[in-house]
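Novice: Pasting a structure here, questions to come.
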């Protein structure tokens with residue numbers, strides 16, 4: 001039932017050993033640091049960096065860039081001052097509209113990006129020390145699960161506080177004095193500088209100071225990604241593979257010797273379990289040792305996903321609705337889908353605004369519904385459409401299924417990019433384009449189902465929509481692989497460890 005590669009191969013792929021620490025605050029020199037922004041003063045003495053408020057805007061003492069890393073520092077901040085530490089941050093190359101408020105123009109050279117907050121008081125529901133603010137861009141808290149009043153207890157105003165920040169792939173965490181604070185995923189920035197902030201103050205107040213000591217960073221080698229693939233049509237299996245197709249784990253599923261049942265959706269969960277189906281009615285969660293830990297009996301299911309709150313979204317074509325069920329199997333929300341066949345779904349996604357983006361083969365439409373079932377946006381592609389996602393740029397990317405194409409459309413329903421048939425500058429023929437995903441780095445992975453042995457089952461496109469990788473393992477998945485999951489970074493390392501520990 002299960003098949004494994006050697007332990008040595010799995011650990012080699014994990015790249016789990018961190019590099020040596022780099023000390024960033026030593027002696028009386030600021031070599032390697034660069035000040036940007038306002039006119040605060042930064043000095044260092046005996047390894048303690050002190051920033052003192054001055055005229056102008058926010059000031060930053062920067063070093064880097066760094067990508068995946070562990071950062072540690074101790075900080076003591078005047079209680080009257082708001083400070084922070086930027087990670088994976090950047091400066092505007094030209095005057096630019098602020099994303100959250102386009103009427104506000106950010107000036108050339110202004111700093112933007114993730115900021116780990118340093119403050120004595122909680123602000124709003126989530127604004128406490130250790131949470132991350134998207135500085136000068138989205139201008140909002142990035143971990144919206146934090147209770148400011150509860151987490152605030154970790155930070156001790158007026159004293160030295162020990163911070164630890166982990167950034168690996170899209171996963172970012174913070175700890176204050178050993179207490180876990182922020183824990184979220186955001187794929188906007190993969191690399192950038194570290195910056196110590198002195199916040200601007202109101203005229204006539206101050207001066208105030210913030211000091212850092214024992215600032216050090218170590219880079220974390222990136223774990224090699226993995227693929228989770230699923231196929232019926234007589235293959236009836238789920239497998240985890242290296243990107244070159246080497247199988248590191250495999251599980252045989254139920255299914256007919258011909259045709260297909262299930263295998264239209266699959267998801268690798270953060271806990272290392274797999275959410276899948278091998279018939280049309282039951283969604284299951286399985287550990288990698290084959291133990292089934294959860295299931296929900298539904299009706300003609302082609303799409304589902306585990307949500308951040310632990311509930312599960314299931315698109316029920318048999319009942320022409322989307323439901324959200326909790327861990328006990330109780331329905332906590334039900335959304336009716338549209339008429340004229342719109343309830344017979346393929347890929348269905350939960351959008352960042354809480355709405356649903358749903359594909360329906362017939363009448364060949366991609367529809368956005370609110371949770372009440374109202375249609376708020378729809379694009380008629382006129383094919384047996386299978387897959388669609390809302391890109392981070394606001395456009396919708398559609399895999400047209402029987403149309404043998406991939407189409408990107410704007411919110412105004414204008415086609416802004418398209419490939420059909422043969423992929424330009426390659427000999428790859430698109431057939432039944434199915435599941436599609438946008439990776440944290442903005443690259444796109446497209447499932448090319450029913451394409452035969454001479455075409456890859458998956459292709460990856462870079463930001464310029466050029467093919468940079470493909471996966472062709474016809475002997476493993478056959479002609480019926482319609483779904484997959486791409487396992488990045490820290491999650492890939494965790495999956496490798498689980499597989500290596502299986503007996």
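In the UniProt record's numbering, the protein residues as written are 1 to 503.
C-beta atoms are modelled at their ideal positions from N, C-alpha and C, and glycine is treated no differently.
1. Taking only the alpha-carbon atoms, compute the straight-line gap between residue 384 and residue 364 and give it to the nearest angstrom.
2. Taking 8 Å as the threshold, find out whether the segment 188-198 comes into contact with the segment 105-118 through three or more Cβ pairs.
3. Just the C-alpha distance for residue 470 and residue 212, rounded to the nearest angstrom, thanks.
4. Which residues in the same chain as residue 329 place their Cβ atom closer than 6 Å to its Cβ, once the five residues preceding and following it in sequence are excluded?
5. Does residue 9 come out as helix, strand or coil in the three-state DSSP assignment?
6. For a quick check, are the C-beta atoms of residue 482 and residue 447 less than 8 Å apart?
7. Taking only runs that begin and end inside the segment 297-353, name each unbroken beta strand (DSSP E) of 3 or more residues, in chain order.
8. Between 423, 238 and 173, which lies nearest to residue 263 when the distance is taken from Cα to Cα?
9. Whose C-beta lies closer than 7 Å to the C-beta of residue 8 among residues of the same chain, with five residues either side of it excluded?
10. Taking the DSSP output, what are the residues bridged to residue 390?
11. Out of 224, 474 and 289, point me to the one whose CA is closest to residue 502's CA.
12. Which word fits residue 21, buried or exposed, when buried means at least 16 other C-beta atoms lie within 10 angstroms of its C-beta?
13. How is residue 203 classed by DSSP in three states: helix, strand or coil?
14. With 16 as the cutoff for other CB atoms within 10 Å, does residue 493 come out buried or exposed?
15. Counting along the chain, where does the beta strand (DSSP E) carrying residue 118 start and finish?
16. Where do the N-terminal and C-terminal ends of the alpha helix (DSSP H) with residue 493 fall, by residue?
17. Following the continuous alpha helix (DSSP H) through residue 476, name the residue where it begins and the one where it ends.
18. Have a look at residue 413 and residue 438 and give me their C-alpha separation to the nearest angstrom.
19. Is the segment 26-39 touching the segment 56-69, taking contact as three or more C-beta pairs under 8 Å?
20. Could you tell me whether the segment 170-182 touches the segment 138-156, where touching means 3 or more Cβ pairs closer than 8 Å?
21. Under 8 Å Cβ to Cβ from residue 6, same chain only, skipping five residues before and after it: list those, please.
22. How would you label residue 103, buried or exposed, when you count the other beta carbons within 10 angstroms and need 16 or more for buried?
23. Does the Cβ of residue 351 have 16 or more other Cβ atoms within 10 Å, making it buried, or fewer, making it exposed?
24. Extract the residue ranges of the beta strand (DSSP E) inside the segment 390-447, only unbroken runs of 3 or more that lie entirely within it.
25. Would DSSP call residue 86 helix, strand or coil?
26. Let me check one thing: in DSSP terms, what residues is residue 286 bridge-paired to?
27. Tell me the rounded alpha-carbon separation between residue 19 and residue 64.
28. Would you check if the distance between the CB atom of residue 219 and the CB atom of residue 69 is smaller than 8 Å?
29. If you compare alpha carbons, which of 322, 463, 347 and 161 is closest to residue 440?
30. Check whether the Cβ atoms of residue 401 and residue 434 lie closer than 8 Å to each other.
31. Report the partner residues of residue 168 according to the DSSP bridge assignment.
32. Give the straight-line distance between the Cα atoms of residue 388 and residue 87, rounded to the nearest whole angstrom.
33. When the Cα atoms are used, what is the spatial distance from residue 410 to residue 393?
34. What is the rounded straight-line gap between the Cα of residue 28 and the Cα of residue 353?
35. Given a threshold of 16 other Cβ atoms within 10 Å of its Cβ, counted over all protein chains shown, does residue 23 qualify as buried or as exposed?
36. Return the chain-ordered list of same chain residues with a C-beta closer than 6 Å to the C-beta of residue 278, the five sequence neighbours on each side being excluded.
Specialist: Reading it off the structure:
1. In the chain shown, the residue the question calls residue 384 occupies position 384. In the chain shown, the residue the question calls residue 364 occupies position 364. C-alpha separation (whole angstroms): 5 Å.
2. Enough Cβ pairs lie closer than 8 Å, so yes.
3. Here residue 470 refers to the residue found at position 470 of the chain shown. Here residue 212 refers to the residue found at position 212 of the chain shown. Taking the straight line joining both Cα atoms gives about 47 Å.
4. Indexing the chain shown from 1 puts residue 329 at position 329. If we look at residue 329 and ignore the five residues flanking it on each side, its Cβ neighbours are 296.
5. Looking up residue 9 in the chain shown gives position 9. Only weak support exists for where residue 9 lies, its pLDDT of 46 falling under 50; the value from the coordinates is given anyway. It is helical.
6. Residue mapping note: residue 482 aligns to position 482 of the chain shown, counting from 1. Residue mapping note: residue 447 aligns to position 447 of the chain shown, counting from 1. Going by C-beta atoms, residue 482 is nearer than 8 Å to residue 447.
7. Qualifying beta strand (DSSP E) stretches, in chain order: 301-306, 312-316, 321-325, 331-336 and 345-350.
8. Working through the chain shown from its first residue, we reach residue 263 at position 263. Measuring from the Cα of residue 263, the nearest candidate turns out to be 238.
9. By one-based count along the chain shown, residue 8 stands at place 8. Summary for residue 8: the model assigns pLDDT 41, below 50, so the residue's position carries little reliability, and this model does not support an answer.
10. Locating residue 390 in the chain shown gives position 390, counting from the first residue. DSSP, once it has assigned bridges, lists 396 as partnering residue 390.
11. Counted from its first residue, the chain shown places residue 502 at position 502. Nearest option by C-alpha distance: 289.
12. Locating residue 21 in the chain shown gives position 21, where the first residue counts as 1. It counts as exposed.
13. Residue 203 sits at position 203 when you count from the first residue of the chain shown. Three-state result, residue 203: coil.
14. Indexing the chain shown from 1 puts residue 493 at position 493. Buried, since its Cβ has 16 or more Cβ neighbours within 10 Å.
15. For the purposes of this step, residue 118 is taken as residue 118 along the chain shown, with counting starting at 1. It spans 111-118 - the beta strand (DSSP E) in which residue 118 sits, taken as one unbroken run.
16. Position 493 of the chain shown holds residue 493. 489-501 is the extent of the alpha helix (DSSP H) around residue 493.
17. Within the chain shown, residue 476 is the residue found at index 476, counting from 1. Per DSSP, residue 476 belongs to the alpha helix (DSSP H) from 474-477.
18. Residue numbering aside, residue 413 sits at position 413 when the chain shown is read from its first letter. Residue numbering aside, residue 438 sits at position 438 when the chain shown is read from its first letter. Approximately 20 Å between the Cα atoms of the pair.
19. yes
20. A contact is defined here as three or more CB-CB pairs under 8 Å, and the segment 170-182 meets this definition with respect to the segment 138-156.
21. Stepping through the chain shown from its first residue, residue 6 is reached at position 6. Low per-residue confidence applies at residue 6: pLDDT is 38, beneath 50, and the placement is therefore not dependable, though the value from the model is reported in the following sentence. Within the same chain, residue 6 has no close Cβ partners at all.
22. As a working note, residue 103 is residue 103 in the chain shown. The residue is exposed, with fewer than 16 neighbouring Cβ atoms inside 10 Å.
23. Position 351 of the chain shown, counted from the start, is the residue given in the question as residue 351. Label assigned to residue 351: exposed.
24. 396-399, 405-409, 415-420 and 432-438
25. Residue numbering aside, residue 86 sits at position 86 when the chain shown is read from its first letter. Three-state result, residue 86: strand.
26. Reading the chain shown from its first residue, position 286 is the one you call residue 286. DSSP, once it has assigned bridges, lists 274 and 292 as partnering residue 286.
27. In the chain shown, the residue the question calls residue 19 occupies position 19. In the chain shown, the residue the question calls residue 64 occupies position 64. Residue 19 and residue 64: Cα-Cα distance of roughly 15 Å.
28. By 1-based counting over the chain shown, the position of residue 219 is 219. By 1-based counting over the chain shown, the position of residue 69 is 69. For residue 219 and residue 69, yes; Cβs fall inside 8 Å.
29. For the purposes of this step, residue 440 is identified with residue 440 of the chain shown, where counting begins at 1. The residue with the shortest Cα to Cα distance from residue 440 is 463.
30. Position 401 of the chain shown, counted from the start, is the residue given in the question as residue 401. Position 434 of the chain shown, counted from the start, is the residue given in the question as residue 434. In contact: residue 401 and residue 434 (Cβ atoms closer than 8 Å).
31. Here residue 168 is taken as the residue at index 168 of the chain shown, counted from 1. According to DSSP, residue 168 bridges with 171.
32. The residue given as residue 388 occupies position 388 in the chain shown. The residue given as residue 87 occupies position 87 in the chain shown. The straight-line gap from Cα to Cα measures roughly 32 Å.
33. As a working note, residue 410 is residue 410 in the chain shown. As a working note, residue 393 is residue 393 in the chain shown. If I take the Cα positions, the gap works out to 9 Å.
34. If you number the chain shown from 1, residue 28 lands on position 28. If you number the chain shown from 1, residue 353 lands on position 353. If I take the Cα positions, the gap works out to 49 Å.
35. Residue numbering aside, residue 23 sits at position 23 when the chain shown is read from its first letter. That one is exposed.
36. Start at 1 with the first residue of the chain shown, and residue 278 comes out as number 278. Once the five neighbours on either side are set aside, the close Cβ partners of residue 278 are 253, 254, 255 and 262.
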